[in-house]
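S.K.: Taking this note's numbering, the leading residue of the sequence shown gets 15, the next gets one more, and so forth. We treat Cβ as the ideally placed atom computed from N, Cα and C, and that holds for glycine. All of these numbers come straight from a predicted model, not from anything done at the bench.
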Amino acid sequence: MPGRGTSLRLTKTETNLSAINGCAVLPFDDFVPWNNQYDIIKAEVFELFQTAVSGVYLQLLFLISAPANILCMIVFYKHGLRERINLCVFSLSLVDFIFITHSFLQHADSLYMQVIAGLKYNGILGFFLQNKLIGFFGFWWASAFITTLIACERCACVVSPLRAHLLLKTKTTAAIIVIATVVIVGLYCVVGARWTGGCVYDPAANKTTITSYESDFFLANVYLVDTLEGVAYGIILPVFCVSVVTAASAITTVKLRHMMEWRQQTSSAATSSSRDVTLTRMLIGMRLCGLHSNMKKHPRRELQANNTRCTVLTSHPVDTRVDCVVRCAVPMAAVVSPAIPPTALHECVGEKEVQRVQWATVSQVCTRI
């Protein structure tokens with residue numbers, strides 16, 4: 015798979031080669047250990063980093079995030095999905111749960127396979143590759159889209175609380191979420207079909223190994239897959255989500271600050287507490303984490319989708335394992351937001367705070383009238 019430094023780049027003629035004992039006979043021209051003298055990070059350190067991420071980090075994160083997302087889905091389902099915001103955050107928790115569960119299952123046996131068995135592409139990961147299940151990572155992009163939709167919805171409620179419910183109906187919101195999720199995940203399944211795994215025989219070294227290599231589907235549709243991966247998921251979605259969420263968050267923050275200042279001038283009651291401040295900072299931190307993971311979605315690899323090995327990802331040889339470490343760290347940041355559902359914070363303070371702000375806005379409008 016990308017970023018592991020052990021994948022093969024095949025040509026169309028190589029896919030028709032014979033098989034020995036069930037293993038494809040392929041030249042190992044691109045299947046070489048990382049031995050670039052300019053690498054800052056040693057291969058052993060990078061392998062240890064990958065093992066820690068896939069074998070420990072994702073497993074612990076799943077144990078925390080799965081119950082939290084399930085709890086959020088139950089809570090907002092009981093609140094009623096006829097409300098637009100309840101429907102949005104319920105959908106967000108559901109999509110996040112699917113994404114985190116997929117990541118957990120994909121690497122459930124990584125620690126055993128890499129440390130004890132010494133094989134990366136056997137077990138569950140090999141099953142995912144052979145059955146084209148890597149495309150379920152598209153649920154992360156669906157989560158980013160729903161987060162963007164929620165940011166717009168909250169911005170509309172704060173800026174214009176009297177007309178917000180007229181801008182977007184609940185049924186229309188549900189239709190947008192369903193259609194967008196199906197399209198985003200479906201197209202990413204096409205991208206995920208780029209890779210497959212299997213037994214490969216090296217005639218020069220007279221040995222076999224289990225590795226990943228580009229599938230026949232990709233070789234027959236190179237332009238389509240590269241366009242989706244490089245343009246749609248490498249440029250359009252990240253730029254759209256980051257720009258819209260940033261703009262909506264900025265407008266919401268300015269409007270809330272303005273209304274809170276107005277309330278301080280017109281009311282002697284306390285306007286905030288340490289609990290509110292702490293939760294607000296947590297929400298801002300989670301939003302920044304989401305923006306970071308979108309902006310750092312390895313655009314260089316997306317724009318150079320034809321290159322599959324980390325050693326040819328960049329123009330300078332020093333950016334080899336370092337670039338791969340960054341690309342491995344991005345998914346770590348990407349799963350933090352789904353792992354700590356913002357719906358839990360919304361449940362604690364969000365609904366009451368939004369209602370209080372809306373009524374303050376209504377009072378402000380009526381006063382001005």
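Please classify P81 as buried or exposed, where buried requires at least 16 neighbouring CB atoms within 10 angstroms.
M.R.: Label assigned to P81: exposed.
S.K.: When DSSP labels each residue in this structure, what does K211 get in the three-state scheme?
M.R.: For clarity, residue 211 is Gly in the given sequence; the question names Lys instead. Looking at G211 - three-state DSSP - the assignment turns out to be strand.
S.K.: Does DSSP classify E228 as helix, strand or coil?
M.R.: strand
S.K.: Look up H116 in the DSSP assignment and say whether it is helix, strand or coil.
M.R.: helix
S.K.: Report yes or no: do three or more beta-carbon pairs, one from the region 166 to 179 and one from the region 229 to 247, lie closer than 8 Å?
M.R.: Contact check between the region 166 to 179 and the region 229 to 247: fewer than three CB pairs, one atom from each, fall below 8 Å, which does not count as touching.
S.K.: Just to confirm before moving on: does the CB-CB distance between I160 and I191 stay below 8 Å?
M.R.: yes
S.K.: Can V109 and A156 be called in contact, C-beta distance under 8 Å?
M.R.: Contact flag set, yes.
S.K.: Assuming S105 contacts L72 (C-beta within less than 8 Å), just tell me the rounded distance between them.
M.R.: Not quite, the Cβ-Cβ distance comes to about 23 Å (not below 8 Å), so this is no contact.
S.K.: Taking 8 Å as the cut-off, decide whether the C-beta atoms of C102 and E61 are in contact.
M.R.: no
S.K.: Give me, in chain order, the residues of the same chain whose beta-carbon lies closer than 6 Å to that of V173; leave out the 5 immediate sequence neighbours on both sides.
M.R.: K269
S.K.: Grouping DSSP H, G and I as helix and E and B as strand, with all else coil, what is E61?
M.R.: helix
S.K.: State the DSSP-derived secondary structure class of I354, mapped to helix, strand or coil.
M.R.: Confidence at I354 is low in this model, with a pLDDT of 49, below 50, so its placement is unreliable and no value can be given for it.
S.K.: Closest by CA to F111, which one among L95, L147 and F151?
M.R.: Among L95, L147 and F151, the Cα nearest to that of F111 is on F151.
S.K.: Residue range of the alpha helix (DSSP H) that P175 falls in?
M.R.: First-last for P175: undefined, no H or E at that position.
S.K.: I need the boundaries of the alpha helix (DSSP H) containing I191, first residue and last residue.
M.R.: DSSP places I191 inside the alpha helix (DSSP H), whose first and last residues are T184 to G206.
S.K.: Considering only the beta carbon of each residue, do G149 and V205 sit closer than 8 Å?
M.R.: yes
S.K.: Please go through the region 223 to 272 and give each complete alpha helix (DSSP H) segment of 4 or more residues, from N-terminal end onward.
M.R.: Qualifying alpha helix (DSSP H) stretches, in chain order: 230 to 234 and 236 to 241.
S.K.: According to the neighbour-count rule (16 or more other Cβ atoms, all chains shown, within 10 Å of its Cβ), is R271 buried or exposed?
M.R.: exposed
S.K.: Measuring straight from C-alpha to C-alpha, what distance separates F76 and G69?
M.R.: Straight through space, the alpha carbons of G69 and F76 are spaced by roughly 11 Å.
S.K.: Measure from the alpha carbon of A158 to the alpha carbon of each residue in F113, T184 and V245, then state which is nearest.
M.R.: F113
S.K.: I need the boundaries of the alpha helix (DSSP H) containing S68, first residue and last residue.
M.R.: Segment: none, S68 is in no alpha helix (DSSP H) and carries neither H nor E.
S.K.: By how many angstroms is the C-alpha of V258 removed from the C-alpha of W276?
M.R.: 27 Å
S.K.: Helix, strand or coil for A165? Go by DSSP, reduced to three states.
M.R.: helix
S.K.: Specify the secondary structure class of L85 as computed by DSSP and reduced to three states.
M.R.: helix
S.K.: May I have the straight-line CA-CA distance separating S107 from Q64, to the nearest angstrom?
M.R.: Rounded to the nearest angstrom, the two C-alpha atoms are 27 Å apart.
S.K.: Does DSSP put K146 in a helix, a strand or coil?
M.R.: coil
S.K.: Take T184 as the anchor and find which of L95, L238 and A194 has the nearest alpha-carbon.
M.R.: Ranking the options by Cα distance to T184, first place goes to L95.
S.K.: Alpha carbon to alpha carbon, what distance is there between Y91 and N83?
M.R.: When rounded, the distance between both Cα atoms is 12 Å.
S.K.: According to DSSP, is H121 helix, strand or coil?
M.R.: coil
S.K.: Checking 8 Å against the spacing of the C-beta atoms, do A162 and C255 come in under that value?
M.R.: The question names Ala, but residue 162 is Thr in the sequence shown. In contact: T162 and C255 (Cβ atoms closer than 8 Å).
S.K.: Nearest to K146 by CA position, among I265, Y227 and T241, is which residue?
M.R.: Y227
S.K.: Just confirm the distance between the C-beta atoms of S229 and T210, as a whole number of angstroms; I'd bet it's less than 8 Å.
M.R.: Yes, S229 and T210 are in contact; Cβ-Cβ is about 4 Å, under 8 Å.
S.K.: Is it buried or exposed, Q120, if we count other Cβ atoms within 10 angstroms and call 16 or more buried?
M.R.: buried
S.K.: By the three-class DSSP mapping on this structure, what secondary structure does G94 have?
M.R.: coil
S.K.: Check whether the Cβ atoms of F153 and V199 lie closer than 8 Å to each other.
M.R.: One thing to note: F153 has its Cβ within 8 Å of the Cβ of V199.
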